[in-house]
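Report on the following structure.
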């Protein structure tokens, strides 16, 4: 009987998700990879397979919740289940002028789409009575900001929802680990136009730290580690000062 473990990474076409998929494949996992861009998924799958790994490709747009849940469940069936599910798909758009269309897109992916797949993964794990759900939120969720209000709020929602799922697992006596990953600035295609970044890590460095946090079954982790300092500052700086400097 095969002892290979399975991981599904939602949002694996670029950046952190892509680097994390490669890390899991190198560690001997069979990797399910999903994203909107099928061409990028196929390129990643070829790289994994060339290195002797196993990749399962499933294109999906998590903003289309009914379709994404169905496709996610089909991927689970093809892989004969998953031990770990990483929800990494997200979008972030500046909305200085509070454009509803941008805010709506962010909510559709980061809130509605995230929740649809988080619940689908939880049902899978509850049926197995074990599993590991990983959500990639953000340091941005620590406090609201004027530049991307919906993005910051959506990341706070992710963290709060993951906490609720952790409590749900404990109360249902299920051996399900819930990990909330909170990256600071990471150099990815999504952040390429951001000229205000500091302490920015490469996607590969961020992925290595995330992989280790998953291996250690951490409840919460900041990526990179120094962002824990910023989280403390964001939580405790008074509103009058925060509103002047941010």
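Numbering (this note's numbering), first residue to last: 518 to 763.
We treat Cβ as the ideally placed atom computed from N, Cα and C, and that holds for glycine.
All of these numbers come straight from a predicted model, not from anything done at the bench.
Quick check on the DSSP output: the alpha helix (DSSP H) that includes residue i runs from which residue to which?
i, result
"residue 666", "666 to 688"
"residue 527", "Residue 527 -> not in any alpha helix (DSSP H); beta strand (DSSP E) instead, spanning 523 to 527."
"residue 762", "756 to 762"
"residue 628", "Run containing residue 628: none; DSSP gives neither H nor E here."
"residue 656", "No alpha helix (DSSP H) holds residue 656; DSSP gives it neither H nor E."
"residue 608", "Per DSSP, residue 608 belongs to no alpha helix (DSSP H) and is neither H nor E."
"residue 727", "720 to 732"
Could you spell out the range, first to last residue, of the beta strand (DSSP E) harbouring residue i?
i, result
"residue 573", "571 to 576"
"residue 699", "692 to 700"
"residue 650", "647 to 653"
"residue 549", "547 to 552"
"residue 561", "No beta strand (DSSP E) holds residue 561; the alpha helix (DSSP H) holding it covers 555 to 567."
"residue 601", "601 to 604"
Starting from the Cα of residue i, find the closest Cα among the options and give me that residue.
i, options, result
"residue 686", "736, 654, 731 and 700", "736"
"residue 466", "654, 663 and 580", "There is simply no residue 466 to check, as the chain begins at 518 and stops at 763 in what is shown."
"residue 584", "678, 601, 602 and 553", "553"
"residue 560", "740, 606, 529 and 747", "529"
"residue 614", "667, 760 and 630", "667"
"residue 540", "744, 759, 724 and 760", "724"
"residue 627", "610, 643 and 602", "610"
"residue 603", "569, 538, 572 and 664", "538"
"residue 689", "676, 643 and 733", "643"
"residue 557", "760, 545, 544 and 536", "536"
"residue 734", "762, 756 and 694", "694"
For residue i, which residues of its own chain have a beta-carbon under 8 Å away from its beta-carbon, when the five flanking residues on both sides are left out?
i, result
"residue 738", "696, 697, 698, 699, 726, 727 and 730"
"residue 589", "525, 527, 551, 575, 577, 634, 637 and 638"
"residue 632", "678"
"residue 748", "656, 659, 699 and 739"
"residue 533", "605, 653, 700, 703, 705, 720, 723, 724 and 727"
"residue 567", "none"
Would you decide whether residue i is buried or exposed? Buried here means 16 or more other CB atoms lie within 10 Å of its CB.
i, result
"residue 640", "exposed"
"residue 563", "exposed"
"residue 744", "buried"
"residue 732", "exposed"
"residue 758", "exposed"
Looking only at its own chain, which residues have a Cβ that is under 7 Å from the Cβ of residue i, when we skip the five neighbours before and after it?
i, result
"residue 593", "599 and 641"
"residue 692", "646 and 647"
"residue 754", "none"
"residue 619", "610 and 612"
Between which residues of its own chain and residue i is the CB-CB distance below 6 Å, once the five residues before and five after are set aside?
i, result
"residue 660", "751"
"residue 673", "658"
"residue 521", "547"
"residue 586", "633 and 637"
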